[in-house]
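Colleague:
In our numbering, the protein residues as written are 1 to 319.
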């Protein structure tokens, strides 16, 4: 652990906020170019997704923006293409990743080779919302939809491709629970944390169970001043606003993971500010093996009807 991390780690608001990023940035190298690489980013028309898209375009990538709303997506693309040289390198695909039928249709439309998939789309609803498929919204958006898209794209992804799951530091507040379950009475922040923990575990499981597949990693962006934080967590935003990172700061590690050669990364690792981090607050904490097995089985079971038999997901093996 670096000296900066030793000092900042016990002070979460500074470490996760803008001050921590400013200090760590002094040791950051310039991001490498990825000219011609194709990156798919979900939730790309605002916040961290938009900032990551802008950075990756600046490094030469072609980006497919996966968004729910056409008008907002078109407005974001128009703004991105104001920079000379970007026209023709930004594509839009409409998809609500919480709807499995739309995810399956999206996967069928993504014909071009893909170098990086960034599962960034996120929600933090104030009340329990059930999707058309019967899942609670945060589980559908953060876990089920991304898992299905990964399964469907898997046959077309090279072993050198990368999948980045944008998790959250909030996952430190939740153990791995029963897949699909949320608190009763509903607590949106708790549900968010549970699903973000599940994302981190899924990155590990894809790595363990599909060793010949693409490199799967998870990351957390720190505390970022986004529209979602302002609307869903107004009190938190009011208290922490001076410390919050801007969207480009939150997207920095996404861009770094997308541009860093896979052999320089730890497959299945959890990253924050360009370094691999522990997935638990204390070393002796562990996710229960039976819960990990249950998560993998559940994710496959609820997405199986959209996947051609024998075409993707490795069978579960004990971990």
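A virtual CB, placed ideally from N, CA and C, is assigned to each residue, including glycine.
This one's a predicted model, so the numbers in the text were calculated from it and none came from an experiment.
Rounded C-beta distance between residue 223 and residue 17? I'm assuming under 8 Å.
Modeller: 5 Å
Colleague: Below 8 Å, how does it come out for the stretch 213-222 and the stretch 263-271: are there three or more Cβ pairs, yes or no?
Modeller: yes
Colleague: Just verifying my parser: in three-state terms, what is the DSSP assignment at residue 14?
Modeller: In the structure shown, residue 14 adopts helical secondary structure according to DSSP, grouped into three states.
Colleague: At a cut of 8 Å, does the stretch 294-305 reach the stretch 236-247 through at least three beta carbon pairs?
Modeller: no
Colleague: On a Cα-Cα basis, can you pick out the residue from 127, 116, 51, 42 that is closest to residue 261?
Modeller: 116
Colleague: Would you kindly report the start and end of the unbroken beta strand (DSSP E) that includes residue 64?
Modeller: 62-67
Colleague: Can you tell me which of 288, 146, 305, 253 puts its alpha carbon nearest to the alpha carbon of residue 24?
Modeller: 253
Colleague: Can you tell me whether residue 212 is buried or exposed, with buried defined as 16 or more other CB within 10 angstroms of its CB?
Modeller: exposed
Colleague: By Cβ distance, which residues of its chain are closer than 8 Å to residue 244, with the 5 residues on each side in sequence left out?
Modeller: 17, 18, 223, 224, 225, 229, 237
Colleague: Between residue 145 and residue 202, what straight-line distance do the alpha-carbon atoms span, to the nearest angstrom?
Modeller: 13 Å
Colleague: Under the DSSP definition of a beta bridge, which residues are partnered with residue 236?
Modeller: Answer by DSSP bridge pairing: none, since residue 236 is not bridged.
Colleague: At a cut of 8 Å, does the stretch 50-58 reach the stretch 69-82 through at least three beta carbon pairs?
Modeller: yes
Colleague: CB-CB under 6 Å to residue 64, same chain, minus the five flanking residues each way: which ones, in chain order?
Modeller: 40, 91, 93
Colleague: Going by DSSP, what residue range makes up the alpha helix (DSSP H) through residue 204?
Modeller: 188-209
Colleague: Take residue 181 and list the residues in its own chain whose beta-carbon comes closer than 6 Å to its own, dropping the five residues that flank it on each side.
Modeller: Taken in chain order, the list of residues that qualify is empty.
Colleague: Measure the CB-CB distance between residue 174 and residue 194 and report whether it falls below 7 Å.
Modeller: Yes, the Cβ-Cβ distance between residue 174 and residue 194 is below 7 Å.
Colleague: Indicate whether residue 133 and residue 100 have their beta-carbon atoms separated by less than 7 Å.
Modeller: Cβ distance < 7 Å, so residue 133 and residue 100 count as in contact.
Colleague: Pull up the CB-CB distance for residue 232 and residue 196, whole angstroms please, since I reckon it's below 8 Å.
Modeller: The Cβ separation is near 14 Å, so there is no contact.
Colleague: I think residue 259 touches residue 32, with their Cβ atoms under 8 Å apart; what is that distance to the nearest whole Å?
Modeller: 5 Å
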